[in-house]
Ligand SMILES: Cc1cc2nc3c(=O)[nH]c(=O)nc-3n(C[C@H](O)[C@H](O)[C@H](O)COP(=O)(O)OP(=O)(O)OC[C@H]3O[C@@H](n4cnc5c(N)ncnc54)[C@H](O)[C@@H]3O)c2cc1C
């Protein structure tokens, strides 16, 4: 067992990760740390062995932890890095631990537009940066002027979009560093808050809100929609154990009866195989599948 010097925040052992993911499934993490602020986080990072497996968690709204759990240390970022302030007239400086919804509301209150799409994305800004989250034509990295990152030694780096390879739901570059904050640029426009209400209503009409899910499971293939292909293959309502393909939105898998992570992963694989067989399209997962299968 590794020893971690005292941090001011919480350190828990054998933490059930089902409580920290929106799919409400999965096994335990060896260690689960909730630092209180950036200094505490830096202390934690410096104290961990260099080869320690790290998993940064926002709200777990794009993550499936397998039933055998995660061997390593989970770093919870909610409530840590919570700065949110206007900068340079049309920019917002936002900590990675702020929720995307709060960022959207803040932009609207400041008469900044372009960030309305963040309102319906149920994660933190760190997760949105890592995933290049987007909706309704908006995308996180279109707004990034710069980001701050932290490495395993607890050192802070300033990065610009040029340091990353950014694509649809994918961000690569600066390996061994994690997002601490971002400077985001928006347009100045008084109508921003009206759009948020319309976008949230549209979401409620088309998505299975109020259920345990992880949003879109698969990336849309070029010039097509994963949901369309899944529906065309007759997979709506397909079930394995407690996991079921949503009747409302075919790219959502719902945990409606205490699904195991294996139920969800097996259903993901079944969808992939069926779609491949019937349409010859390889669906790639958007969700991150992490950890060990139960032996
Ligand atoms: C109902 C529902 C609707 C959704 N709709 C959308 C949508 O419209 N568009 C969309 O893009 N997504 C959508 N999602 C998916 C998800 O909400 C987004 O991907 C979100 O940005 C993930 O944020 P999170 O904090 O929950 O990330 P998590 O699931 O906690 O983490 C996701 C990944 O980011 C990494 N990560 C987290 N924080 C950091 C950090 N600070 N630095 C580096 N890496 C980090 C994690 O290690 C993990 O690999 C939806 C999900 C749900 C449940």
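In this note's numbering, the protein residues as written are 1 to 295.
C-beta atoms are modelled at their ideal positions from N, C-alpha and C, and glycine is treated no differently.
- For residue 51, the number of other beta carbons within 10 angstroms of its own is below 16, and it is reported as exposed.
- In the three-state scheme derived from DSSP, where H, G and I count as helix and E and B as strand, residue 157 is classed as strand.
- Counting every other CB atom within 10 Å of its CB across the protein chains shown gives residue 89 a total below 16, marking it as exposed.
- By the Cβ-count criterion, residue 49 is exposed, with fewer than 16 other Cβ atoms from all chains shown falling within 10 Å of its own Cβ.
- Look at residue 131 here: in three-state DSSP terms it is helix.
- Counting along the chain, residue 102 sits inside the alpha helix (DSSP H) bounded by residues 100-109.
- In this structure, residue 230 lies away from residue 263, with their beta-carbon atoms at least 8 Å apart.
- For residue 293, no beta strand (DSSP E) run applies, since DSSP gives it neither H nor E.
- Contact annotation, residue 184 with residue 144: C-beta distance approximately 6 Å; criterion of less than 8 Å satisfied.
- Counting along the chain, the unbroken beta strand (DSSP E) around residue 75 starts and ends at 70-76.
- Here residue 255 is not near residue 204, since their CB atoms are 8 Å or more apart.
- For residue 270, the enclosing alpha helix (DSSP H) stretches over residues 261-279.
- With a cutoff of 8 Å on beta-carbon distance, residue 75 and residue 59 are scored as not near each other.
- Assigned with DSSP and collapsed to three states, residue 125 falls in helix.
- The continuous alpha helix (DSSP H) containing residue 232 extends over residues 226-232.
- Inclusion of residue 242 and residue 257 in the CB contact set at 8 Å is warranted, their separation being smaller than that value.
- Pairing residue 164 with residue 172 gives a Cβ-Cβ distance under 8 Å.
- Judged by their CB atoms, residue 250 and residue 235 are nearer to each other than the 8 Å cut-off.
- Its chain contains 139, 140, 141, 166, 167, 168, 169, 170, 171 as the residues whose beta carbon lies nearer than 8 Å to that of residue 132, once the 5 sequence neighbours on both sides are disregarded; these appear in chain order.
- Proximity of the beta carbon of residue 169 to ligand 1 is indicated: a heavy atom of the ligand is located closer than 7 Å.
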